[in-house]
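Here's the structure we're looking at; comments come further down.
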Amino acid sequence: MNVGRIGGLLTRHLYLYKRSFARLLEIFYWPFLDLVVWGFITMYLAQQGSQLHGAVTFFLGALILWDVLFRAQQGIALSFLEEMWARNLMNLFASPLTVGEYLVATMAMSIMKVTAVGHS
Amino acid sequence: MSAPVVEVCHLTKQFGDFTAVNDLSFDIRKGEIIGLLGPNGAGKTTTIHMLLGLITPTAGTIRMFGLDLVHHRETILRQVNFSSTYISMPYSLTVEENLRVMAKLYSLTNIPQCIDDVVKKLEIGDIRHKLTRKLSSGQMSRLTLAKAVMTEPKVLFLDEPTASLDPDIANKIKALLKEYRDAEQLSILYTSHNMREMEEMSDRVIFLQRGKIVAQGTAGEVVRRFGQRDLEEVFLKLAREG
Chain A
1 MNVGRIGGLL
11 TRHLYLYKRS
21 FARLLEIFYW
31 PFLDLVVWGF
41 ITMYLAQQGS
51 QLHGAVTFFL
61 GALILWDVLF
71 RAQQGIALSF
81 LEEMWARNLM
91 NLFASPLTVG
101 EYLVATMAMS
111 IMKVTAVGHS
Chain B
121 MSAPVVEVCH
131 LTKQFGDFTA
141 VNDLSFDIRK
151 GEIIGLLGPN
161 GAGKTTTIHM
171 LLGLITPTAG
181 TIRMFGLDLV
191 HHRETILRQV
201 NFSSTYISMP
211 YSLTVEENLR
221 VMAKLYSLTN
231 IPQCIDDVVK
241 KLEIGDIRHK
251 LTRKLSSGQM
261 SRLTLAKAVM
271 TEPKVLFLDE
281 PTASLDPDIA
291 NKIKALLKEY
301 RDAEQLSILY
311 TSHNMREMEE
321 MSDRVIFLQR
331 GKIVAQGTAG
341 EVVRRFGQRD
351 LEEVFLKLAR
361 EG
């Protein structure tokens, strides 16, 4: 596992985010939308005075976490599609880059996105 | 004669019932330029893809620098590069950013210097900060060539590298490749449909038809064997006889 090559692939994705407002927005837009939607549902359930209030908020928290992880997984799939659209897969896999390094780099990118969401 | 840097033995690739490459054996020696010729669908690109480890052969072996490609992929690919008219690079990155990413993937040291050198040699200074999506096809070819030579490979696979270049740039690229060959003892496998270019560039040519080698030798030897005037006539004869 070569850290330099993983860094190279991360650099490639960071360049994309640097130049694309839509991509940057996407990091924050979906979690924001989820919080609003599920927040309103939580408020509604709380107003109903349900005895299951604790269980509902716990369940909603889990749903939000699930959604964040789902976005991270989507990020990995999109990174691969991105390389296909750019006709760049051949450049990557004809280089010394291994499949393992490629997967680690895309996972690291997704973790960075999730961390950014966590901070926001 | 120097030892071969690339040894291909009985290489075969089948896609279902279709045999794209059929029992191919050849070698490339240090500092040698081999021209791989053949009509569309002859198996040239499939052969290059197998040499780059992108597709797995159905049968046969590929050895480079004395090492088996299957077991020493990483070591081998560090010393090999390629350029093709049919590939691209990420559109949202500038030329320089693309070169920087590739330099990192090949673990180059002193990356800024490597980029400066290759930009100067390939005369792409004017497009260095341009977005890749805004490049013409000729400029894109120069970028993929820059990516290929920047890593100082010992073996270079070129799939129709001058197909979309104007004659002036194509000449400069050919001169540059010969210069690299002479200075670094670079070995090159070159495909093109421009027969004059093949005669000019290649030390030896290999003619492929339906995945099989039908002729190989120096351009002069092949032309004499088929009793034609030049490689173009040999190509036409072989292609039309099917």
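Sequence lines, in order, name chains A and B. Numbering-wise (our numbering), the first sequence opens with residue 1 and increments by one. Numbering-wise (our numbering), the second sequence opens with residue 121 and increments by one. For each residue, glycine too, the CB sits at the ideal point set by N, CA and C.
Task: Environment of tyrosine 226(B) [buried if 16+ CB atoms lie within 10 Å] - done: Burial of tyrosine 226(B) is indicated by the presence of at least 16 other C-beta atoms within 10 angstroms of its C-beta.
TODO: Take valine 354(B) and list the residues in its own chain whose beta-carbon comes closer than 7 Å to its own, dropping the five residues that flank it on each side.
DONE: Excluding sequence neighbours, valine 354(B) sits near Val342, Val343, Phe346, Gln348.
- [ ] Report yes if the CB atom of proline 177(B) is closer than 7 Å to the CB atom of leucine 131(B), and no otherwise.
- [x] Cβ atoms of proline 177(B) and leucine 131(B): closer than 7 Å.
TODO: Evaluate the contact criterion for the segment 179 to 199 of chain B versus the segment 90 to 108 of chain A: three or more CB pairs, one atom per stretch, below 8 Å.
DONE: With contact defined as three or more Cβ pairs closer than 8 Å, the segment 179 to 199 of chain B and the segment 90 to 108 of chain A are in contact.
Open item on the list: 7 Å is my cut-off, CB to CB: does glutamate 217(B) come that close to chain A?
Closed with: It does; some Cβ of chain A falls within 7 Å.
- [ ] Find the residues of chain B that neighbour leucine 97(A), judging by a C-beta separation of less than 8 Å, and give them in chain order.
- [x] Neighbours of leucine 97(A) on chain B, chain order: Leu225.
Open item on the list: Quick check: is the beta carbon of threonine 11(A) nearer than 7 Å to any beta carbon in chain B?
Closed with: Interface residue, yes.
Task: Nearest-angstrom Cα separation, counted from asparagine 91(A) out to glutamate 317(B) - done: Between glutamate 317(B) and asparagine 91(A), the C-alpha separation is close to 25 Å.
TODO: Using a cut-off of 7 Å between C-beta atoms, extract the partners of phenylalanine 93(A) located in chain B.
DONE: Residues of chain B passing the Cβ test: Leu174.
Open item on the list: Can you confirm whether the segment 98 to 109 of chain A touches the segment 155 to 175 of chain B when touching is taken to mean that 3 or more C-beta pairs between the two stretches lie within less than 8 Å?
Closed with: Touching, no, given that fewer than three Cβ pairs across the two stretches are closer than 8 Å.
- [ ] Quick one: which residues of the segment 194 to 206 of chain B get their C-beta closer than 7 Å to a C-beta of chain A? List them in chain order.
- [x] From the segment 194 to 206 of chain B, only Glu194, Leu197, Arg198, Phe202 have a Cβ closer than 7 Å to chain A.
Task: Residue nearest to valine 141(B) in terms of C-alpha spacing, selected from Gly340(B), Ala359(B), Phe327(B) - done: When only C-alpha atoms are compared, the closest one is Phe327(B).
Task: Where the segment 57 to 88 of chain A meets chain B: residues whose CB sits under 7 Å from a CB there - done: Ala86, Arg87, Asn88: these are the residues of the segment 57 to 88 of chain A whose beta carbon lies less than 7 Å from some beta carbon of chain B, given in chain order.
- [ ] Drop a sphere of 10 angstroms on the beta-carbon of aspartate 254(B), count the other beta-carbons inside from all chains shown, and report buried for 16 or more, exposed for fewer.
- [x] Correcting the residue type first, residue 254(B) is lysine in the shown sequence and not aspartate. Exposure of lysine 254(B) is indicated by the presence of fewer than 16 other C-beta atoms within 10 angstroms of its C-beta.
- [ ] Would you kindly work out how many angstroms separate the C-alpha atoms of leucine 25(A) and valine 56(A), rounded to a whole number?
- [x] Between the C-alpha atoms of leucine 25(A) and valine 56(A) there is a straight-line separation of about 29 Å.
Task: One or two residues paired with phenylalanine 202(B) in a DSSP bridge - done: Answer is Phe277(B), bridged to phenylalanine 202(B).
Task: Nearest residue (CA-CA) to isoleucine 182(B), options Asp147(B), Ser204(B), Leu356(B) - done: The candidate whose alpha carbon is nearest that of isoleucine 182(B) is Asp147(B).
Open item on the list: Using a 10 Å radius around the Cβ and a threshold of 16 neighbouring Cβ atoms, would you call lysine 357(B) buried or exposed?
Closed with: Exposed.
Task: C-beta atoms of serine 208(B) and leucine 278(B) nearer than 7 Å - done: Against a cut-off of 7 Å, the Cβ pair of leucine 278(B) and serine 208(B) comes out as no contact.
Task: DSSP beta-bridge partners of glutamine 134(B) - done: Checking the DSSP bridge columns, you'll see glutamine 134(B) partnered with Thr139(B).
Task: As assigned by DSSP and simplified to three states, the class of glycine 4(A) - done: If DSSP states are grouped into helix, strand and coil, glycine 4(A) belongs with the helices.
TODO: Could you spell out the range, first to last residue, of the alpha helix (DSSP H) harbouring isoleucine 247(B)?
DONE: Annotation for isoleucine 247(B): no alpha helix (DSSP H) segment contains it, and DSSP assigns it neither H nor E.
TODO: Would you please verify whether the beta carbon of tyrosine 310(B) is less than 7 Å from any beta carbon of chain A?
DONE: For tyrosine 310(B), the answer is no, since every Cβ of chain A falls outside 7 Å of its Cβ.
Task: 8 Å contact criterion, which threonine 167(B) and leucine 144(B) should meet: CB distance rounded - done: The pair is a contact, with the Cβ atoms about 6 Å apart (cut-off 8 Å).
TODO: Express the C-alpha separation of histidine 192(B) and asparagine 2(A) in angstroms, rounding to a whole number.
DONE: The alpha-carbon separation between asparagine 2(A) and histidine 192(B) amounts to approximately 15 Å.
Open item on the list: Do glutamate 217(B) and tyrosine 15(A) count as a contact pair if the criterion is CB distance below 7 Å?
Closed with: The Cβ-Cβ distance between tyrosine 15(A) and glutamate 217(B) falls below 7 Å.
Task: Partner residues on chain A for valine 221(B), Cβ-Cβ distance less than 7 Å - done: Against valine 221(B), the close residues of chain A are Gly8, Thr11, Arg12, in the order they occur along the chain (beta-carbon pairs closer than 7 Å).
Open item on the list: So, at 7 Å on beta carbons, what are the nonlocal neighbours of alanine 359(B) in its own chain, with the 5 sequence-adjacent residues on each side left out?
Closed with: Around alanine 359(B): Pro159.
Open item on the list: As a quick exercise: from Asp237(B), Asp288(B), Asp246(B), Arg330(B), pick the residue whose alpha carbon is nearest that of alanine 268(B).
Closed with: Ranked by Cα distance from alanine 268(B), the first of Asp237(B), Asp288(B), Asp246(B), Arg330(B) is Asp237(B).
TODO: Return the chain-ordered list of same chain residues with a C-beta closer than 8 Å to the C-beta of glycine 258(B), the five sequence neighbours on each side being excluded.
DONE: If we look at glycine 258(B) and ignore the five residues flanking it on each side, its Cβ neighbours are Ser284, Leu285, Asp286, Ile289.
- [ ] Could you check if tyrosine 44(A) is buried or exposed, using at least 16 other CB atoms within 10 Å of its CB as the buried criterion?
- [x] By the neighbour-count rule (16 or more Cβ atoms within 10 Å), tyrosine 44(A) is not buried but exposed.
TODO: Using a cut-off of 7 Å between C-beta atoms, extract the partners of leucine 24(A) located in chain B.
DONE: Going along chain B, no residue has its Cβ under 7 Å from leucine 24(A), so there is no contact; the nearest lies around 13 Å.
Open item on the list: Taking the straight line between their C-alpha atoms, what separation do you get for glycine 186(B) and leucine 171(B)?
Closed with: So the two alpha carbons sit approximately 14 Å from each other.
Task: In chain order, each beta strand (DSSP E) run of at least 3 residues that lies wholly inside the segment 141 to 208 of chain B - done: List check, beta strand (DSSP E) in window: 153 to 157, 179 to 184, 200 to 204.
Open item on the list: Between proline 210(B) and chain A, is any beta-carbon pair separated by less than 7 Å?
Closed with: Proline 210(B) belongs to the set of residues whose beta carbon lies under 7 Å from a beta carbon in chain A.
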